[in-house]
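Peer 1: In this note's numbering, the protein residues as written are 7 to 153.
For glycine and all other residues, C-beta sits at the position ideal for the given N, C-alpha and C.
1) Please report the residue range of the beta strand (DSSP E) in which residue 120 lies.
2) Which same chain residues, not among the five before or five after residue 120, have their C-beta less than 8 Å away from its C-beta?
3) In the DSSP assignment, the beta strand (DSSP E) including residue 106 goes from what residue to what residue?
4) Residue 135 lies in the alpha helix (DSSP H); which residues open and close that run?
5) Would you tell me roughly how many angstroms separate the C-alpha atoms of residue 123 and residue 103, rounded to the nearest one?
6) Quick one: using the 10 Å Cβ neighbour count with 16 as the cut-off for buried, is residue 17 buried or exposed?
7) Measuring CB to CB, does residue 8 end up less than 8 Å from residue 25?
8) If you run the structure through DSSP and keep just helix, strand and coil, what is residue 53?
9) Among the residues of its own chain, which have a CB less than 7 Å from the CB of residue 71, if the five just before and after it don't count?
10) Taking Cβ positions, are residue 30 and residue 43 nearer each other than 8 Å?
11) Would you check if the distance between the CB atom of residue 136 and the CB atom of residue 33 is smaller than 8 Å?
12) Residues in its own chain within less than 7 Å of residue 95 by CB, not counting five upstream and five downstream?
13) Report the rounded CA-to-CA distance for residue 41 versus residue 91, giving the unit in angstroms.
14) Can you tell me where the alpha helix (DSSP H) holding residue 63 begins and where it ends?
15) Whole angstroms are fine: how far does the CA of residue 83 sit from the CA of residue 143?
16) Roughly how many angstroms separate the alpha carbons of residue 138 and residue 49, rounded to a whole number?
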């Protein structure tokens, strides 16, 4: 069962969702872009996040009320592109990289017609994840979190 909750990180009350499953809950805030799971406790973090990107581990947030970590989302939607945090722990933003056609065929890329254009990614402020997902085209019904 899905319900709207107040985000423990950005305090938004319109764009943060809890999806209750049998035995656990998953969480996603479409304003700040952080996500979590009721199983993401300290033990999980120590075991499962050893190979996670450095930036994601640096900017993860602890939720005292639930006793879990929240992580910045990485959204890979194939041909629609990818949204990911980019920068360093003191100055990062959301990036949206589109998938674009390859203009020149070479021996190295003869298998592929498109690539993820990270060098020309659009950028969004930390609290504007919702604009990135709207620009990606994966949501239409969320009202603007800045209003």
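Peer 2: Short version:
1) As a first step, residue 120 must be located in the chain shown, where it is residue number 114. That run of the beta strand (DSSP E) goes 120-122.
2) As a position in the chain shown, residue 120 is number 114, starting the count at 1. Closer than 8 Å at Cβ, skipping near neighbours: 85, 105, 106, 107, 108.
3) In the chain shown, the residue the question calls residue 106 occupies position 100. That run of the beta strand (DSSP E) goes 105-107.
4) Position 129 of the chain shown, counted from the first residue, corresponds to residue 135. Per DSSP, residue 135 belongs to the alpha helix (DSSP H) from 135-142.
5) The count along the chain shown starts at 1 and reaches residue 123 at position 117. The count along the chain shown starts at 1 and reaches residue 103 at position 97. Taking the straight line from one Cα to the other gives about 5 Å.
6) What you label residue 17 is simply residue 11 of the chain shown in a count that begins at 1. Label assigned to residue 17: exposed.
7) Counting from one through the chain shown, the residue named residue 8 turns up at place 2. Counting from one through the chain shown, the residue named residue 25 turns up at place 19. Cβ distance < 8 Å, so residue 8 and residue 25 count as in contact.
8) For the purposes of this step, residue 53 is taken as residue 47 along the chain shown, with counting starting at 1. Residue state, collapsed to three classes: helix.
9) Stepping through the chain shown from its first residue, residue 71 is reached at position 65. So the qualifying residues of the chain are 14.
10) Translated into positions along the chain shown, residue 30 becomes position 24. Translated into positions along the chain shown, residue 43 becomes position 37. Closer than 8 Å, so yes.
11) What you label residue 136 is simply residue 130 of the chain shown in a count that begins at 1. What you label residue 33 is simply residue 27 of the chain shown in a count that begins at 1. No, the pair does not count as a contact, with Cβ atoms beyond the cut-off.
12) As a position in the chain shown, residue 95 is number 89, starting the count at 1. Taken in chain order, the residues that qualify are 61, 64, 65.
13) On the chain shown, residue 41 is found 35 positions in, with the first residue counted as 1. On the chain shown, residue 91 is found 85 positions in, with the first residue counted as 1. So the alpha carbons of these two residues sit roughly 13 Å apart.
14) Taking the first residue of the chain shown as 1, we reach residue 63 at position 57. That run of the alpha helix (DSSP H) goes 60-65.
15) In the chain shown, the residue the question calls residue 143 occupies position 137. In the chain shown, the residue the question calls residue 83 occupies position 77. C-alpha separation (whole angstroms): 10 Å.
16) Residue numbering aside, residue 138 sits at position 132 when the chain shown is read from its first letter. Residue numbering aside, residue 49 sits at position 43 when the chain shown is read from its first letter. So the two alpha carbons sit approximately 32 Å from each other.
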